[in-house]
Each structure stands twice: as C-alpha cells, then as structure tokens.
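Participant:
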Amino acid sequence: MKRIAPESILGHCYDIDMAKTRYVLNAAYLYHWKRKINFRANLAVSSISADDQETTEFYRNNRNLHFRSPIVEFSGIAEFYLAKPSTGTKYNLKKPWKP
1373 MKRIAPESIL GHCYDIDMAK TRYVLNAAYL YHWKRKINFR ANLAVSSISA
1423 DDQETTEFYR NNRNLHFRSP IVEFSGIAEF YLAKPSTGTK YNLKKPWKP
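Those letters in the sequence shown? Residues 1373 to 1471, by this note's numbering.
In structure tokens:
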C-alpha cells in the first residue's frame, strides 16, 4: 500500500525560490441578464519561469534549464439557476437590534 505523505501531495515545497516567483493577475465580471440567468467572464494573466544556473545539484546544473513563459487564460460561463438564488443577508444584519 502506498503511503500518502504531505510531500507526495504538495510536492517538495522546500525547492521553491521565493525571490524568483512571478505574478498572477485575475479579473472577473458578472452580468445579471435575466432573473435566473447570469453571464460571467474571467481573465487571468500569469508568468512561470525556471532556471538551473544557481543550483548546487550536479544533474540540474548539467541540464541547463532556463525558460520564462507567459500564461493568459480567458473563460466565459453562462449560469442558469433552477431555483431563485437567495440574495438577502445571512444573519439579517440590516434589521435593527432590539434587546
């Protein structure tokens, strides 16, 4: 039986160089068209990179990996509700408090 350990799920997080991490920008827009129909658009822009120049491991330095790649993702979603969604406050916070 295979042992499930945090490193098998999350990978080896100790190998991340935080100084070389890149950005992620995300924007979303929701348009209420009809009572039960919404349209949603999402845009995500990011960049990934890797560099083996400063590693001390022999095999990683030998492969000489170096790249930078931009990632752009756009998605459009149509939402249809079978039942009317609740739009009120969860705890009725708009009502005045009475002791």
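Even for Gly, the Cβ is constructed at its ideal location relative to N, Cα and C. Predicted model, so just to flag it, every value in this text is computed and none were measured.
At which residues does the beta strand (DSSP E) containing N1410 begin and terminate?
Facilitator: It spans I1409 to D1423 - the beta strand (DSSP E) in which N1410 sits, taken as one unbroken run.
Participant: Give me, in chain order, the residues of the same chain whose beta-carbon lies closer than 7 angstroms to that of N1433; leave out the 5 immediate sequence neighbours on both sides.
Facilitator: Counting only Cβ-Cβ distances below 7 angstroms, and skipping sequence neighbours, we find D1424 and T1427.
Participant: Within the same chain, show all residues whose beta-carbon is closer than 7 angstroms to that of F1439, passing over the 5 residues directly before and after it, in chain order.
Facilitator: Here F1439 has S1421 and A1422 as same chain residues with Cβ atoms under 7 angstroms from its own Cβ, once five neighbours each way along the sequence are excluded.
Participant: Roughly how many whole angstroms lie between the Cα atoms of Y1453 and S1447?
Facilitator: Their Cα atoms are separated by approximately 19 angstroms.
Participant: Please report the distance separating the alpha-carbon of N1410 from that of A1455.
Facilitator: 13 angstroms
Participant: Could you work out which residue in I1449, E1445 and R1412 is closest to S1503 when comparing CA atoms only?
Facilitator: Outside the displayed span of the chain (1373 to 1471) sits residue 1503, for which this structure offers no information.
Participant: Among residues of its own chain, excluding the 5 on either side of R1435, which ones have a beta-carbon nearer than 8 angstroms to its beta-carbon?
Facilitator: Result list for R1435: D1424, in chain order.
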